[in-house]
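For the sequence shown, the UniProt record's numbering gives the first residue as 1, with consecutive numbering after it.
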Amino acid sequence: MTAAIRRTVTFPEISMERLKSMLGAYNGHLKQIEQRLDVKITHRGDAFYLDGDIETVERAEALLQRLYQESEISSQISADVLHLMIQGSQTDRDFMDDSEQEHTGLDSVWLQTRKGRINPRGANQKRYVQRILQSDISFGIGPAGTGKTYLAVAAAVDMLERNEIQRILLVRPAVEAGEKLGFLPGDLTQKIDPYLRPLYDALYEMLGFEKVAKLIERQVIEVAPLAYMRGRTLNHSFVILDEAQNTTPEQMKMFLTRLGFGSRAVITGDVTQVDLPRGQQSGLAQALRVLENVHEIHITRFHSRDVVRHQLVQKIVEAYEGWDSEQQRLSAEARAERKAKQEALIAENDSAADAQHI
(Lines of atoms letter the chains of each structure in order from A and count residues from 1; the text may use other names and numbers.)
(Lines give C-alpha, C1' and ligand atoms only; values in the text may rest on other atoms or scores of the structure.)
Protein backbone atom coordinates (compact mmCIF):
# COMPACT_ATOMS: atom_id res chain seq x y z
CA MET A 1 0.00 0.00 0.00
CA THR A 2 1.38 3.41 -1.00
CA ALA A 3 1.94 5.77 1.92
CA ALA A 4 -0.14 8.94 2.00
CA ILE A 5 1.68 12.26 2.06
CA ARG A 6 0.78 15.94 2.34
CA ARG A 7 2.45 18.60 0.23
CA THR A 8 2.01 22.37 0.27
CA VAL A 9 2.18 24.36 -2.96
CA THR A 10 2.22 28.15 -2.74
CA PHE A 11 2.00 30.90 -5.34
CA PRO A 12 3.25 34.04 -3.54
CA GLU A 13 1.73 37.37 -4.54
CA ILE A 14 -0.71 35.76 -6.97
CA SER A 15 -3.41 38.20 -8.06
CA MET A 16 -7.07 37.53 -7.37
CA GLU A 17 -7.79 37.36 -11.12
CA ARG A 18 -5.20 34.64 -11.71
CA LEU A 19 -6.35 32.75 -8.63
CA LYS A 20 -9.94 32.75 -9.91
CA SER A 21 -8.72 31.48 -13.26
CA MET A 22 -6.83 28.64 -11.56
CA LEU A 23 -9.73 27.64 -9.31
CA GLY A 24 -12.49 27.80 -11.92
CA ALA A 25 -16.11 28.59 -11.21
CA TYR A 26 -17.05 27.41 -7.69
CA ASN A 27 -13.62 25.72 -7.41
CA GLY A 28 -14.60 23.51 -10.34
CA HIS A 29 -11.04 23.00 -11.55
CA LEU A 30 -9.90 21.74 -8.14
CA LYS A 31 -12.88 19.37 -7.96
CA GLN A 32 -12.08 17.99 -11.40
CA ILE A 33 -8.45 17.35 -10.44
CA GLU A 34 -9.54 15.70 -7.18
CA GLN A 35 -11.98 13.42 -8.98
CA ARG A 36 -9.67 12.44 -11.82
CA LEU A 37 -6.50 11.93 -9.77
CA ASP A 38 -8.01 10.66 -6.50
CA VAL A 39 -6.28 13.36 -4.47
CA LYS A 40 -7.61 15.82 -1.88
CA ILE A 41 -6.88 19.53 -2.41
CA THR A 42 -7.47 22.17 0.26
CA HIS A 43 -7.06 25.82 -0.68
CA ARG A 44 -6.35 28.76 1.63
CA GLY A 45 -5.21 32.06 0.13
CA ASP A 46 -2.16 31.49 -2.04
CA ALA A 47 -1.51 28.02 -0.57
CA PHE A 48 -2.77 24.64 -1.79
CA TYR A 49 -2.53 21.54 0.44
CA LEU A 50 -2.39 18.23 -1.42
CA ASP A 51 -3.16 14.91 0.29
CA GLY A 52 -2.77 11.51 -1.37
CA ASP A 53 -0.15 9.00 -2.44
CA ILE A 54 3.18 10.24 -3.78
CA GLU A 55 2.41 9.74 -7.47
CA THR A 56 -0.99 11.46 -7.46
CA VAL A 57 0.25 14.33 -5.29
CA GLU A 58 3.16 14.95 -7.68
CA ARG A 59 0.81 14.92 -10.66
CA ALA A 60 -1.60 17.26 -8.90
CA GLU A 61 1.26 19.63 -8.07
CA ALA A 62 2.40 19.61 -11.70
CA LEU A 63 -1.16 20.37 -12.81
CA LEU A 64 -1.40 23.32 -10.41
CA GLN A 65 1.88 24.65 -11.78
CA ARG A 66 0.52 24.25 -15.31
CA LEU A 67 -2.70 26.05 -14.33
CA TYR A 68 -0.63 28.85 -12.82
CA GLN A 69 1.30 29.26 -16.08
CA GLU A 70 -1.91 29.16 -18.12
CA SER A 71 -3.54 31.79 -15.89
CA GLU A 72 -0.84 34.25 -16.94
CA ILE A 73 -2.07 34.24 -20.54
CA SER A 74 -5.74 33.35 -20.07
CA SER A 75 -8.19 35.01 -17.70
CA GLN A 76 -10.61 32.11 -18.09
CA ILE A 77 -9.35 28.53 -18.23
CA SER A 78 -12.09 26.28 -19.55
CA ALA A 79 -12.90 22.82 -18.23
CA ASP A 80 -11.91 21.43 -21.64
CA VAL A 81 -8.42 22.91 -21.36
CA LEU A 82 -8.04 21.42 -17.89
CA HIS A 83 -9.28 18.07 -19.18
CA LEU A 84 -6.50 18.10 -21.79
CA MET A 85 -3.95 19.02 -19.13
CA ILE A 86 -5.03 16.10 -16.96
CA GLN A 87 -5.01 13.81 -19.95
CA GLY A 88 -1.51 14.96 -20.83
CA SER A 89 -0.34 14.24 -17.30
CA GLN A 90 -1.24 10.58 -17.83
CA THR A 91 1.19 10.11 -20.71
CA ASP A 92 4.65 8.75 -20.06
CA ARG A 93 7.27 11.26 -18.89
CA ASP A 94 4.90 14.17 -19.54
CA PHE A 95 5.57 16.04 -16.33
CA MET A 96 9.30 15.43 -16.23
CA ASP A 97 11.51 17.92 -14.41
CA ASP A 98 12.73 21.06 -16.15
CA SER A 99 16.25 19.78 -16.75
CA GLU A 100 14.96 16.62 -18.43
CA GLN A 101 12.47 18.60 -20.53
CA GLU A 102 15.29 20.87 -21.63
CA HIS A 103 17.57 17.92 -22.36
CA THR A 104 15.02 16.24 -24.64
CA GLY A 105 13.92 19.52 -26.20
CA LEU A 106 10.25 18.72 -25.62
CA ASP A 107 9.67 21.86 -23.56
CA SER A 108 10.11 24.08 -26.63
CA VAL A 109 8.05 22.06 -29.13
CA TRP A 110 5.22 24.15 -30.59
CA LEU A 111 3.84 25.20 -33.97
CA GLN A 112 2.88 28.63 -35.28
CA THR A 113 -0.01 29.16 -37.70
CA ARG A 114 -1.73 32.28 -39.01
CA LYS A 115 -4.53 31.77 -36.48
CA GLY A 116 -2.20 31.35 -33.52
CA ARG A 117 0.20 29.07 -31.72
CA ILE A 118 -0.51 25.34 -31.39
CA ASN A 119 0.96 23.56 -28.37
CA PRO A 120 1.10 19.74 -28.47
CA ARG A 121 -0.55 18.14 -25.44
CA GLY A 122 1.51 15.56 -23.61
CA ALA A 123 4.96 14.13 -24.18
CA ASN A 124 3.85 11.77 -26.95
CA GLN A 125 2.35 14.56 -29.05
CA LYS A 126 5.45 16.70 -28.46
CA ARG A 127 7.70 13.83 -29.47
CA TYR A 128 5.56 13.30 -32.60
CA VAL A 129 5.84 16.96 -33.66
CA GLN A 130 9.57 17.00 -32.92
CA ARG A 131 10.08 13.96 -35.15
CA ILE A 132 7.99 15.48 -37.95
CA LEU A 133 10.10 18.64 -37.92
CA GLN A 134 13.39 16.71 -37.85
CA SER A 135 12.69 13.72 -40.14
CA ASP A 136 11.96 13.37 -43.84
CA ILE A 137 9.46 10.56 -43.21
CA SER A 138 7.40 10.08 -40.04
CA PHE A 139 4.55 7.79 -39.08
CA GLY A 140 1.80 8.60 -36.57
CA ILE A 141 -0.07 5.45 -35.57
CA GLY A 142 -2.99 5.22 -33.15
CA PRO A 143 -6.71 5.66 -32.49
CA ALA A 144 -8.89 8.59 -33.53
CA GLY A 145 -8.70 11.70 -31.40
CA THR A 146 -4.98 11.57 -30.64
CA GLY A 147 -4.12 14.53 -32.89
CA LYS A 148 -2.17 12.59 -35.52
CA THR A 149 -3.61 14.34 -38.57
CA TYR A 150 -4.25 17.72 -36.95
CA LEU A 151 -0.65 18.11 -35.76
CA ALA A 152 0.72 16.92 -39.10
CA VAL A 153 -1.33 19.59 -40.90
CA ALA A 154 -0.21 22.18 -38.32
CA ALA A 155 3.44 21.25 -38.92
CA ALA A 156 2.92 21.61 -42.66
CA VAL A 157 1.31 25.05 -42.24
CA ASP A 158 4.11 26.12 -39.87
CA MET A 159 6.80 25.16 -42.40
CA LEU A 160 4.90 26.80 -45.26
CA GLU A 161 4.60 30.06 -43.32
CA ARG A 162 8.36 29.97 -42.66
CA ASN A 163 9.05 29.29 -46.38
CA GLU A 164 10.77 25.98 -45.61
CA ILE A 165 8.54 24.25 -48.16
CA GLN A 166 6.79 25.46 -51.30
CA ARG A 167 3.53 23.54 -51.12
CA ILE A 168 1.37 21.21 -49.05
CA LEU A 169 -0.22 18.05 -50.41
CA LEU A 170 -2.87 16.24 -48.39
CA VAL A 171 -3.88 12.83 -49.68
CA ARG A 172 -6.24 10.11 -48.56
CA PRO A 173 -7.45 6.78 -49.93
CA ALA A 174 -10.96 7.62 -51.18
CA VAL A 175 -14.00 5.36 -50.85
CA GLU A 176 -12.01 2.12 -50.74
CA ALA A 177 -8.56 0.79 -51.54
CA GLY A 178 -9.48 0.60 -55.24
CA GLU A 179 -10.66 4.21 -55.16
CA LYS A 180 -13.45 3.57 -57.68
CA LEU A 181 -14.50 7.20 -57.84
CA GLY A 182 -16.12 6.77 -61.24
CA PHE A 183 -19.14 5.11 -59.66
CA LEU A 184 -19.93 8.24 -57.62
CA PRO A 185 -21.96 11.16 -59.02
CA GLY A 186 -20.39 14.55 -59.78
CA ASP A 187 -17.02 15.85 -60.93
CA LEU A 188 -13.70 15.00 -59.24
CA THR A 189 -14.04 17.66 -56.53
CA GLN A 190 -17.57 16.54 -55.64
CA LYS A 191 -16.49 12.89 -55.61
CA ILE A 192 -13.55 13.28 -53.23
CA ASP A 193 -14.64 16.18 -50.98
CA PRO A 194 -16.52 14.02 -48.40
CA TYR A 195 -13.42 11.88 -47.85
CA LEU A 196 -11.05 14.84 -47.53
CA ARG A 197 -13.29 17.06 -45.42
CA PRO A 198 -11.33 16.49 -42.14
CA LEU A 199 -8.20 17.81 -43.85
CA TYR A 200 -10.02 20.89 -45.13
CA ASP A 201 -11.43 21.53 -41.66
CA ALA A 202 -7.96 21.56 -40.11
CA LEU A 203 -6.69 23.96 -42.78
CA TYR A 204 -9.63 26.34 -42.33
CA GLU A 205 -9.04 26.43 -38.58
CA MET A 206 -5.34 27.27 -38.98
CA LEU A 207 -5.36 29.61 -41.98
CA GLY A 208 -8.92 30.82 -42.45
CA PHE A 209 -11.31 30.00 -45.29
CA GLU A 210 -10.25 32.79 -47.67
CA LYS A 211 -6.51 32.10 -47.30
CA VAL A 212 -7.00 28.37 -47.90
CA ALA A 213 -9.12 29.07 -50.99
CA LYS A 214 -6.41 31.34 -52.43
CA LEU A 215 -3.63 28.83 -51.72
CA ILE A 216 -5.63 26.02 -53.32
CA GLU A 217 -6.30 28.22 -56.36
CA ARG A 218 -2.56 28.88 -56.69
CA GLN A 219 -1.91 25.13 -56.15
CA VAL A 220 0.21 25.88 -53.09
CA ILE A 221 -2.16 23.57 -51.22
CA GLU A 222 -3.43 20.48 -52.99
CA VAL A 223 -5.94 18.03 -51.55
CA ALA A 224 -6.37 14.87 -53.60
CA PRO A 225 -7.10 11.13 -53.45
CA LEU A 226 -4.10 8.84 -53.27
CA ALA A 227 -4.63 7.40 -56.76
CA TYR A 228 -3.79 10.78 -58.32
CA MET A 229 -0.26 10.70 -56.84
CA ARG A 230 0.92 7.98 -59.22
CA GLY A 231 3.74 9.02 -61.54
CA ARG A 232 4.55 12.25 -59.69
CA THR A 233 7.79 13.29 -57.97
CA LEU A 234 7.24 15.80 -55.18
CA ASN A 235 10.04 18.28 -54.52
CA HIS A 236 10.05 20.93 -51.75
CA SER A 237 6.69 19.68 -50.54
CA PHE A 238 5.09 18.59 -47.29
CA VAL A 239 2.97 15.52 -48.05
CA ILE A 240 0.50 13.99 -45.60
CA LEU A 241 -1.10 10.60 -46.20
CA ASP A 242 -4.11 10.28 -43.91
CA GLU A 243 -6.10 7.09 -43.16
CA ALA A 244 -3.13 5.14 -44.47
CA GLN A 245 -4.45 1.87 -43.04
CA ASN A 246 -6.75 1.73 -46.09
CA THR A 247 -3.91 1.64 -48.61
CA THR A 248 -2.75 -1.54 -50.29
CA PRO A 249 0.95 -2.49 -50.09
CA GLU A 250 1.36 -1.36 -53.71
CA GLN A 251 -0.22 2.03 -52.99
CA MET A 252 1.91 2.56 -49.90
CA LYS A 253 5.12 1.79 -51.79
CA MET A 254 3.99 4.11 -54.59
CA PHE A 255 3.37 6.93 -52.10
CA LEU A 256 6.67 6.53 -50.23
CA THR A 257 8.65 6.61 -53.47
CA ARG A 258 7.06 9.93 -54.56
CA LEU A 259 9.24 11.86 -52.11
CA GLY A 260 11.64 14.26 -53.84
CA PHE A 261 14.36 16.71 -52.79
CA GLY A 262 13.57 19.09 -49.94
CA SER A 263 10.35 17.26 -49.11
CA ARG A 264 9.01 15.42 -46.13
CA ALA A 265 6.12 13.01 -45.65
CA VAL A 266 3.90 12.16 -42.71
CA ILE A 267 1.80 8.99 -42.77
CA THR A 268 -1.05 8.67 -40.29
CA GLY A 269 -3.49 5.87 -39.60
CA ASP A 270 -4.94 3.30 -37.23
CA VAL A 271 -4.10 -0.31 -38.06
CA THR A 272 -7.10 -1.51 -36.02
CA GLN A 273 -9.57 0.32 -38.29
CA VAL A 274 -8.86 -1.20 -41.71
CA ASP A 275 -11.74 -0.89 -44.21
CA LEU A 276 -10.13 -2.94 -46.97
CA PRO A 277 -11.90 -6.01 -48.40
CA ARG A 278 -11.50 -9.15 -46.32
CA GLY A 279 -8.18 -10.83 -47.00
CA GLN A 280 -6.53 -7.68 -48.38
CA GLN A 281 -3.36 -6.74 -46.49
CA SER A 282 -3.04 -3.17 -45.25
CA GLY A 283 -0.17 -1.24 -46.81
CA LEU A 284 0.32 0.62 -43.54
CA ALA A 285 0.64 -2.57 -41.49
CA GLN A 286 3.17 -3.95 -43.97
CA ALA A 287 5.16 -0.70 -44.09
CA LEU A 288 5.49 -0.63 -40.30
CA ARG A 289 7.10 -4.07 -40.42
CA VAL A 290 9.28 -3.41 -43.47
CA LEU A 291 10.57 -0.01 -42.35
CA GLU A 292 10.93 -0.52 -38.59
CA ASN A 293 14.73 -0.85 -38.83
CA VAL A 294 15.25 2.14 -41.13
CA HIS A 295 16.72 4.60 -38.63
CA GLU A 296 15.92 7.72 -40.66
CA ILE A 297 12.19 6.92 -40.45
CA HIS A 298 10.47 7.62 -37.13
CA ILE A 299 7.29 5.94 -35.90
CA THR A 300 5.22 7.46 -33.09
CA ARG A 301 2.57 5.19 -31.59
CA PHE A 302 -0.39 6.74 -29.80
CA HIS A 303 -2.65 5.02 -27.29
CA SER A 304 -6.01 5.65 -25.63
CA ARG A 305 -4.35 7.81 -22.97
CA ASP A 306 -3.26 10.20 -25.75
CA VAL A 307 -6.83 10.93 -26.88
CA VAL A 308 -7.42 14.69 -26.72
CA ARG A 309 -11.13 14.80 -27.42
CA HIS A 310 -14.05 14.54 -25.03
CA GLN A 311 -13.30 12.48 -21.92
CA LEU A 312 -15.94 9.97 -23.00
CA VAL A 313 -14.07 9.36 -26.27
CA GLN A 314 -11.05 8.15 -24.29
CA LYS A 315 -13.24 5.75 -22.32
CA ILE A 316 -14.79 4.45 -25.56
CA VAL A 317 -11.35 3.86 -27.08
CA GLU A 318 -10.19 2.07 -23.91
CA ALA A 319 -13.33 -0.09 -23.92
CA TYR A 320 -12.73 -1.14 -27.52
CA GLU A 321 -9.04 -1.83 -26.83
CA GLY A 322 -10.06 -4.06 -23.93
CA TRP A 323 -12.62 -5.83 -26.09
CA ASP A 324 -10.10 -6.41 -28.90
CA SER A 325 -7.54 -7.79 -26.44
CA GLU A 326 -10.12 -10.17 -24.97
CA GLN A 327 -11.20 -11.36 -28.42
CA GLN A 328 -7.57 -12.00 -29.38
CA ARG A 329 -7.06 -13.95 -26.16
CA LEU A 330 -10.18 -16.06 -26.77
CA SER A 331 -9.18 -16.62 -30.38
CA ALA A 332 -5.71 -17.78 -29.31
CA GLU A 333 -7.23 -20.14 -26.74
CA ALA A 334 -9.64 -21.53 -29.35
CA ARG A 335 -6.78 -22.14 -31.78
CA ALA A 336 -4.75 -23.88 -29.07
CA GLU A 337 -7.74 -26.05 -28.17
CA ARG A 338 -8.33 -27.03 -31.81
CA LYS A 339 -4.65 -27.85 -32.22
CA ALA A 340 -4.68 -30.02 -29.10
CA LYS A 341 -7.75 -31.90 -30.36
CA GLN A 342 -6.14 -32.44 -33.76
CA GLU A 343 -2.95 -33.74 -32.15
CA ALA A 344 -4.96 -36.03 -29.89
CA LEU A 345 -6.92 -37.34 -32.89
CA ILE A 346 -3.72 -37.97 -34.83
CA ALA A 347 -2.20 -39.78 -31.86
CA GLU A 348 -5.37 -41.87 -31.49
CA ASN A 349 -5.33 -42.81 -35.19
CA ASP A 350 -1.64 -43.70 -34.98
CA SER A 351 -2.34 -45.96 -31.98
CA ALA A 352 -5.20 -47.64 -33.82
CA ALA A 353 -3.00 -48.22 -36.86
CA ASP A 354 -0.23 -49.70 -34.69
CA ALA A 355 -2.76 -52.01 -33.04
CA GLN A 356 -3.93 -53.30 -36.43
CA HIS A 357 -0.36 -54.10 -37.47
CA ILE A 358 0.15 -56.05 -34.26
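Just so you know, even glycine gets a beta-carbon here, dropped at the ideal spot from N, CA and C. Fair warning: this is a prediction, and the values are worked out from it, not measured in the lab.
Unbroken beta strand (DSSP E) run spanning Ile77, endpoints: Counting along the chain, Ile77 falls outside any beta strand (DSSP E), and DSSP gives it neither H nor E.
Residues bridged to residue 367 [DSSP beta-bridge criterion]: Residue 367 lies beyond the stretch modelled for the chain, which goes from 1 to 358, so this question has no answer here.
Heavy atom of the ligand GTP within 7 Å of Glu58 beta-carbon: Ligands displayed in this structure: none; no statement on the ligand GTP is therefore possible.
Three-state secondary structure (DSSP) of Arg121: coil
Rounded separation between Thr272 and Met252 - CA only: Taking the straight line from one Cα to the other gives about 17 Å.
Given 8 Å, three or more beta-carbon pairs between the segment 279-289 and the segment 236-251: yes
For Val153, the nearest candidate out of Thr268, Gln219 and His298 (CA to CA): Thr268
Reduced DSSP category for Pro143 - H, G, I as helix; E, B as strand; rest coil: Here Pro143 sits in coil by DSSP.
Gly140 versus Gly122: straight-line alpha-carbon distance, rounded: Their Cα atoms are separated by approximately 15 Å.
Cβ pair Leu234, Arg218 closer than 8 Å: no
Extent of the continuous alpha helix (DSSP H) to which Gly283 belongs: Gly283 to Val290
Collapsed DSSP secondary structure at Leu215 in the structure displayed: helix
Residue from His29, Ser138 and Asn119 with nearest C-alpha to His295: Residue Ser138 is the option with its Cα nearest to His295.
Supposed contact pair Leu37 and Ala62 - C-beta distance, whole angstroms, cut 8 Å: Approximately 10 Å separates the beta-carbon atoms of Ala62 and Leu37; this is outside 8 Å, ruling out the contact.
Cβ neighbour criterion (16 or more within 10 Å) applied to Asp97: Annotation note: pLDDT 46 at Asp97 (below 50); position unreliable, no value reported.
Burial state of Phe209 (16 or more Cβ within 10 Å): exposed
Residue range of the unbroken alpha helix (DSSP H) whose run includes Phe48: Here Phe48 belongs to no alpha helix (DSSP H); instead the beta strand (DSSP E) covers Ala47 to Asp53.
Beta-carbon gap between residue 359 and Asp158 smaller than 8 Å: Limits of the chain in this structure are 1 at one end and 358 at the other, which puts residue 359 out of reach.
Backbone CA spacing between Ile216 and Glu222 [nearest angstrom]: 6 Å
Thr146, buried or exposed, once every other Cβ within 10 Å from all chains shown has been counted against 16: buried
Where Leu30 falls: helix, strand or coil (DSSP): helix
Extent of the continuous beta strand (DSSP E) to which Arg44 belongs: That run of the beta strand (DSSP E) goes Lys40 to Arg44.
Pair within 8 Å by beta-carbon distance, residue 438 and Met254: The question about residue 438 has no answer, for the chain in this structure spans 1 to 358.
Length of the line joining the Cα atoms of Lys214 and Ala227: 24 Å
Beta-carbon spacing of Val239, Val317 below 8 Å: Against a cut-off of 8 Å, the Cβ pair of Val317 and Val239 comes out as no contact.
Beta-carbon gap between Leu67 and His43 smaller than 8 Å: Cβ distance not < 8 Å, so Leu67 and His43 don't count as in contact.
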